[in-house]
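Some notes on the structure that comes next.
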Amino acid sequence: MDDTFLRRAAGAAGYRLANDRLTEAAIEQPEHAANWIAAAARYTATGRIQRLLTDAAQQLRDRLTGRPPTRFRADAGALAAVCDLLADIDEALRDLGRHALDFAHLGRPPLIDDPAATALPAALAGRQEAVGGDEPAARAQHVTGGSPLPPGRRRPRRSRR
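In the working numbering, each residue's number is its place in the sequence shown (first place is 1) plus 83.
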């Protein structure tokens, strides 16, 4: 497995992954690194799981419409179990958001705020839960070596008159 799943998971949480800082972060905070990678793997697996469970739920709904009442109870129970598992997928995204927030606030964070990333609502909710507030947690700040301006921007030169 390559690290493509790490980049996708970082994007889902609203960050960009800096591969060059990943090993550094694992040295500094190995537990945060392991938790985030585990959450990223779980998030990646949820995509396939969600498609499979959605198909199963649709088939069960179709079966329920044409079943006699004697078979109805078993299929309804199976449908309820599938729907419960689908609801658990949001929990995987909340875990990703919580662990991403921890990982993004290390000394030289491997996760850098990416306003262009499409952060998933459940991942943002996980970040919110991590700080225990109603407002979404602030994204990690990009470290620019002390300059208050965004990377690539300069202050306008003053004219010398």
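Using N, Cα and C, we set each Cβ at its ideal position, and we do this for glycine too. As the structure is a computational prediction, the values presented were derived from the model and not from experiment.
Self-check item: Those residues which DSSP pairs with Tyr98 across a bridge
Solution: Note: Tyr98 sits in a beta bridge opposite Asp196.
Exercise. Compare the beta carbon distance of Gly97 and Asp197 with 8 Å and say whether it is the shorter of the two.
Key: It is a contact, given that the beta carbons lie within the stated cut-off.
Exercise. Classify Gln142 as helix, strand or coil using the three-state DSSP reduction.
Key: In the three-state reduction of the DSSP assignment, Gln142 falls in the helix class.
Exercise. Work out the CA separation of Leu168 and Leu100 for me, nearest whole Å.
Key: One C-alpha to the other measures close to 29 Å.
Practice problem: Look at the Cβ atom of Asp122, then the Cβ atom of His188, and state whether they are nearer than 8 Å. | Solution: Per the sequence shown, residue 122 should be read as Ala rather than Asp. By the CB criterion at 8 Å, Ala122 and His188 fall outside the cutoff.
Quiz item: So which of Gly180, Leu194, Ala140, Phe186 has the shortest CA-CA distance to Val165?
Solution: Taking only the C-alpha atoms, the option nearest Val165 is Ala140.
Practice problem: Count the other C-beta atoms from every protein chain shown that fall within 10 angstroms of the C-beta of Leu136, then say buried if there are 16 or more, exposed otherwise. | Solution: So Leu136 ends up on the buried side.
Quiz prompt | Member of Leu176, Leu89, Gly190 whose CA lies at the smallest distance from the CA of Gln133 | solution = Minimum Cα distance to Gln133 is reached at Leu176.
Exercise. Give the straight-line distance between the Cα atoms of Arg91 and Thr127, rounded to the nearest whole angstrom.
Key: Roughly 8 Å separates the two Cα atoms.
Exercise. Please list, in chain order, all residues of the same chain as Phe186 whose beta carbon is under 6 Å from its beta carbon, the five residues on each side excluded.
Key: Excluding its 5 nearest sequence neighbours in each direction, Phe186 has C-beta neighbours in its own chain below 6 Å: His115, Trp119, Leu194, listed in chain order.
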